[in-house]
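Down below is the structure, laid out as structure tokens.
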Amino acid sequence: MSDEPVSISMGEGKRPVTEALVRRGRPIAYKIKVRPEDFQVTEIVDLTPSDRGRYRLYRLTKAGWNTTDLLRRLARRFGLPYDAFSYGGRKDRHALTTQYITIRDERDLSLTESAFALHALGWVDEPMTPEFIRGNQFRITLRAMRAEEVGHLERNLQAVRAYGLPNYFDDQRFGSYDRKRGFIAEKLVRDQWEEALKIYLTLCYPEEKRAAKERKRYFLEHWGEWDACLKQAKTVTERRLFRFLQQRGGDYVGAINLIPREELALILSAYQSFLWNEMVREIVREWTSPILDVRGVVTRYAFYLTLSREALEYLRGLKLPTPGPGASPPDPYAEHIYRRVLERAGIASEKALALRKLRRAYLKAVPRDVLLFPEGLEMLEVAPDDLYPGRVKAVLLFTLPRGAYGTMVLKRLTLRASGACGQPSA
240 MSDEPVSISM GEGKRPVTEA LVRRGRPIAY KIKVRPEDFQ VTEIVDLTPS
290 DRGRYRLYRL TKAGWNTTDL LRRLARRFGL PYDAFSYGGR KDRHALTTQY
340 ITIRDERDLS LTESAFALHA LGWVDEPMTP EFIRGNQFRI TLRAMRAEEV
390 GHLERNLQAV RAYGLPNYFD DQRFGSYDRK RGFIAEKLVR DQWEEALKIY
440 LTLCYPEEKR AAKERKRYFL EHWGEWDACL KQAKTVTERR LFRFLQQRGG
490 DYVGAINLIP REELALILSA YQSFLWNEMV REIVREWTSP ILDVRGVVTR
540 YAFYLTLSRE ALEYLRGLKL PTPGPGASPP DPYAEHIYRR VLERAGIASE
590 KALALRKLRR AYLKAVPRDV LLFPEGLEML EVAPDDLYPG RVKAVLLFTL
640 PRGAYGTMVL KRLTLRASGA CGQPSA
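Structural data, given as structure tokens:
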């Protein structure tokens, strides 16, 4: 993409810039997650264990497992239902992570194996939920860097300390997005329940085994032949859904409502997060220039280099609600952006976001900071890389509030950018 002037409508109630110069954002070359310990995430929680309570509180440290898969394995091992386990956040399998969980069981189930350690801390009266997470600390090692590119990191560290970065949801939020067919929840909002179910049952994920992908292609090719699909179904959910369709024909609403609640919530949040990102991208492109555009799974992320004093003052305090019934943007300009993005997505009314036919999950409007300011952001070390001779490694440390993405901070810090740093301009 060449430098591209972008015409901007002024909006209401504020005075953003009228034109933004957009450039392609080019990252420096580096490797990440070469080893699990290269990407360390530690939950920071507001929980104080005591000598008694309804739930045992545990610290769970793991590598090579995502949170839900490991908890299902532990449930089988301990002879417990999966819903006896509660957690606040889903942590990446390709990292060394520490988080807190509760188990509804009186036994001390502390356990250490090669890939994880479960350590009992005491008792609490409530199950672990996201609300107990205050934030996450990240310690990240970037490897195989050229020494001359460390300067980009240093300049970007200064800029992010001064101006923050857009608080986008990152690509891992969009696992249920199909490049050709779009978001499952987008189909639900448009009352296209059959298409939503078809995407859910036939979407192939990159990490899936060949047999799973072939089975899903079979479902797509034989869609509507429920007897045949049921014979090929393997997972509990596949068998449940195709058996229901075999008995109830075209009741796609009923079938959607049989999808596990946790999966439905993730499906809804993926589309909701995309819409919120689009709102923030609109704001960034209206208030700042130049813009560095970085390709994402669904769309591009727009990053600024600096902010004017006016922009920093306004945007630093701005919270935009995630789209949902009853959302209340804080001022006329934010309302204008909110409505414009929904209209562009074909959502003419908030009634469509209510999804009244859906019984097991719903869209909730939650205010989210437009800008993100990492706490304690520093580069701990730059040293010769012990794994890649002739290259260097850099170790970064920072803390983010709950719901913010460390990988998004990396996207910003690793851009080749020569913008000004320091104090906001007038």
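Residues in the sequence shown are numbered consecutively from 240, following the working numbering.
For glycine and all other residues, C-beta sits at the position ideal for the given N, C-alpha and C.
Among R420, A566 and V523, which has the Cα closest to the Cα of E713?
Only positions 240 to 665 of the chain appear in the structure, and residue 713 is not among them; the question remains open.
Would a C-beta distance cut-off of 8 angstroms place T300 and G327 closer than the cut-off?
no
Alpha carbon of I506 to alpha carbon of F413, nearest angstrom
8 angstroms
Chain-order list of residues whose beta-carbon lies under 6 angstroms from that of K603 (same chain, five-residue window excluded):
G563
So, under 8 angstroms CB-CB, Q279 and L357 are touching, yes? Tell me the CB distance rounded to an integer number of Å.
Contact doesn't hold; Cβ gap of about 18 angstroms is too wide.
Which word fits Y754, buried or exposed, when buried means at least 16 other C-beta atoms lie within 10 angstroms of its C-beta?
The first residue shown for the chain is 240 and the last is 665, placing residue 754 beyond what the model contains.
For L594, which of helix, strand or coil comes out of DSSP?
coil
Own chain partners of T653 with C-beta closer than 8 angstroms, once the 5 adjacent residues on each side are dropped:
P266, I267, Y269, L381, H391, L392 and N395
Supposed close pair K272, N305 - CB separation, criterion 8 angstroms
Not really, about 14 angstroms apart at Cβ, beyond 8 angstroms.
Three-state secondary structure (DSSP) of F408:
coil
Local conformation of Q431 per DSSP, three classes:
coil
Taking its Cβ as the centre, do 16 or more other Cβ atoms sit within 10 Å of L460, making it buried, or is it exposed?
Sequence inspection shows Glu at residue 460; the Leu mentioned does not correspond to that position. The residue in question, E460, is exposed, as its Cβ has fewer than 16 Cβ neighbours within 10 Å.
Alpha helix (DSSP H) segment containing Y577, residue limits:
P571 to R583
For the 8 angstroms Cβ check, are there 3 or more pairs between the segment 536–545 and the segment 579–589?
no
Check the DSSP bridge columns for W362 and list the partner residues they point to.
S289 and R295
Please identify the residue among R598, E525 and L546 whose C-alpha is closest to the C-alpha of H575.
E525
So for R482, helix, strand or coil by DSSP?
helix
Less than 8 angstroms separating the beta-carbons of K437 and W462?
yes
In or out: R500 buried (at least 16 other Cβ within 10 Å) or exposed?
exposed
Under the rule that 16 or more other beta-carbon atoms within 10 Å means buried, what is K632, buried or exposed?
buried
Could you have a look at F413 and say whether DSSP puts it in helix, strand or coil?
helix
Contact check, D490 vs R263 under 8 angstroms by CB: the rounded distance?
Actually they do not touch by this definition, with Cβ atoms about 47 angstroms apart.
What does a CB cutoff of less than 7 angstroms around Q485 pick up in its chain, not counting 5 residues either side in sequence?
W465, D466 and L469
Reference S325; option with closest CA among R555, G303 and R293:
R293
Can you name the start and end residues of the beta strand (DSSP E) that I530 belongs to?
I530 to R534
So, helix, strand or coil for L350, using DSSP?
strand
Check whether the segment 609–616 touches the segment 403–422, taking contact to mean three or more Cβ pairs, one atom from each stretch, closer than 8 angstroms.
yes
If you measure between the beta carbons of L639 and G374, is that distance less than 8 angstroms?
yes
Where does G563 fall in DSSP's three states?
coil
Tell whether a beta-carbon distance below 8 angstroms holds between D344 and R295.
yes
Given V261 as reference, the closest of R534, E282, Y297 and A591 once Cα atoms are compared
R534
Would you check whether the ligand MN has a heavy atom nearer than 7 angstroms to the C-beta of G585?
The ligand MN is absent from the structure shown, which contains no ligand whatsoever.
With a Cβ-Cβ cutoff of 8 angstroms, do Y543 and T527 count as a contact?
yes
Would you mind working out which of A550, K596 and Y297 sits nearest Y402, comparing C-alpha positions?
A550
Would you decide whether Q411 is buried or exposed? Buried here means 16 or more other CB atoms lie within 10 Å of its CB.
exposed
What span of residues does the beta strand (DSSP E) with S325 cover, start to end?
F324 to Y326
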